[in-house]
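Trainee:
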Amino acid sequence: MIAKAIDKIDAEQVAKANEGKKAPEIKVGDSVKVFVRIKEGGKERLQAFAGTVIARDNGSGNTATFTVRRISFGVGVEKVFPLNSPYIDRVEVERSARVRRAKLYFLRSRTGKKARLREA
Amino acid sequence: MEGILGRKIGMTQVFDDQGRRIAVTVLEAGPCPVVQVKTPETDGYRAAQLGFEEQKPSRLAKAEVKHFEKAGVKPCKMTKEFAFDEGTEVKAGDTVTVNIFEGVKYVDVSGVTKGRGFAGVMRRYRMGGGAMTHGGHSKRRIGSIGARRPGLVRKGRRMPGQMGAVNRKARNLAVVEVRGEDNLLLVAGSVPGPKGGVVIIRKALKK
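Here the protein sequences come in this chain order: Y and S.
Sequential numbering from 489 applies to the first sequence in this note's numbering.
Sequential numbering from 3 applies to the second sequence in this note's numbering.
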């Protein structure tokens, strides 16, 4: 009863989030473009956040999140997105890399050519 | 009806209509049969005794079994009285469901907090404790408990002791969703007690 009830709610939330679109398939090491809906003065527009997926956290269900890292004006920026957030319009996977670990936190201490990943 | 009995199932998250993430506690609420109705004429006050969760008759005293039989309901594990408004028709044998919270914005949820046993002062009252290094011997101790004068420990001094396993109420939790068919109630925020713990859910008193 206990696990079932929560599973049901989570499944409903995931289904609602992905209504009419495919669930985003995001793997660690992917270079992605996340299109986020932003409301500004009553108007809605899309903003893209492009970078590398360095982590996936909090399971695979409703609570799942992924972390995208990019270098912006020479500064490393990381954003954590809920996988099923209604604010995410779509996620485009541009490249996939062959990685051997689940969390690519080692990229934080690398810059330039050293921060490259092997193509899949 | 003022409230209902339930159990805490656990926590998860939902997105609201504006797309914000809300942490919610899932509560199993009812259904609760009305076991007895107390009226001002016979008892001096107005309330309904609600039962929750079926119990084997063999686990109850005969008097208790008869009490349920009189109302025409199955024996229950627990009972609790809830007030109800004058003019509403409530009689023994009725069933109260989570639907009483339909249209209600806030609820109070009370339960027994998780027991932490005999806890020290750092855990129980978040005191700082002493130095862990530099040869400190007062690592997790309480420190001073009073001065040379008055030469006694004042009453109410916070000290180690039993922590948790007490009744606590979380007030004014927003109702996120009422799921009548599953007997579930989703409230924003956390609720006292462990998963599976019994909770009393009432309409918010002060909102």
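Built from N, CA and C at the ideal position, the CB exists for glycine as well.
#1: Using CA atoms only, rank isn't needed, just tell me which of Y:Val-524, Y:Thr-551, Y:Leu-534 and Y:Ser-519 is closest to Ile-542 (chain Y).
#2: List in chain order: all unbroken beta strand (DSSP E) runs of 3+ residues lying wholly within the segment 53-95 of chain S.
#3: Should the segment 168-176 of chain S be regarded as contacting the segment 191-198 of chain S, the criterion being three or more beta carbon pairs within less than 8 Å?
#4: Find the residues of chain Y that neighbour Leu-7 (chain S), judging by a C-beta separation of less than 8 Å, and give them in chain order.
#5: Measure the beta-carbon distance from Glu-582 (chain Y) to Lys-521 (chain Y) and round it to whole angstroms, keeping in mind my assumption that it falls under 8 Å.
#6: Between S:Lys-209, S:Lys-208, S:Leu-207 and S:Ile-203, which lies nearest to Pro-33 (chain S) when the distance is taken from Cα to Cα?
#7: Hey, how far is the Cα of Cys-78 (chain S) from the Cα of His-69 (chain S)?
#8: In chain S, which residues lie less than 7 Å from Gln-501 (chain Y) when you measure between Cβ atoms?
#9: One question on the structure: do Phe-569 (chain Y) and Val-502 (chain Y) come within less than 9 Å of each other, judged by their Cβ atoms?
#10: Flag Gly-138 (chain S) as yes when its Cβ comes closer than 8 Å to any non-hydrogen atom of the ligand ZN, and as no otherwise.
#11: Please confirm whether Val-2 (chain S) and Asn-550 (chain Y) have their CB atoms less than 9 Å apart.
#12: If we count the other Cβ atoms within 10 Å of its Cβ and call it buried at 16 or more, is Lys-10 (chain S) buried or exposed?
#13: Between the Cα of Ala-505 (chain Y) and those of Y:Arg-557, Y:Pro-574, Y:Ile-497 and Y:Lys-515, spot the shortest distance and give me the residue it belongs to.
#14: With 16 other CB atoms within 10 Å as the buried threshold, where does Phe-120 (chain S) fall?
#15: Skipping 5 residues on each side, what residues in its chain have a beta carbon closer than 8 Å to that of Arg-586 (chain Y)?
#16: Counting only beta-carbon atoms, is Ser-573 (chain Y) nearer than 9 Å to chain S?
#17: Apart from the five residues just before and just after Arg-23 (chain S), which ones in its own chain have a Cβ nearer than 7 Å to its Cβ?
#18: Note the first and the last residue of the continuous alpha helix (DSSP H) segment covering Glu-43 (chain S).
Mentor: Let's see:
#1: Y:Ser-519
#2: 78-84
#3: yes
#4: Per Cβ cutoff of 8 Å: no residues; Leu-7 (chain S) is ~16 Å from chain Y at best.
#5: 6 Å
#6: S:Ile-203
#7: 10 Å
#8: Val-16 and Phe-17
#9: no
#10: Absence of the ligand ZN from the depicted structure is noted, as is the absence of any ligand whatsoever, leaving it without description.
#11: Lying outside 3 to 209, the shown extent of chain S, residue 2 (chain S) is not represented and no answer is given.
#12: buried
#13: Taking each of Y:Arg-557, Y:Pro-574, Y:Ile-497 and Y:Lys-515 in turn and checking the Cα distance to Ala-505 (chain Y), the smallest one comes out for Y:Pro-574.
#14: exposed
#15: Gly-517, Leu-605, Arg-606, Glu-607 and Ala-608
#16: yes
#17: Gln-15 and Phe-17
#18: 42-45
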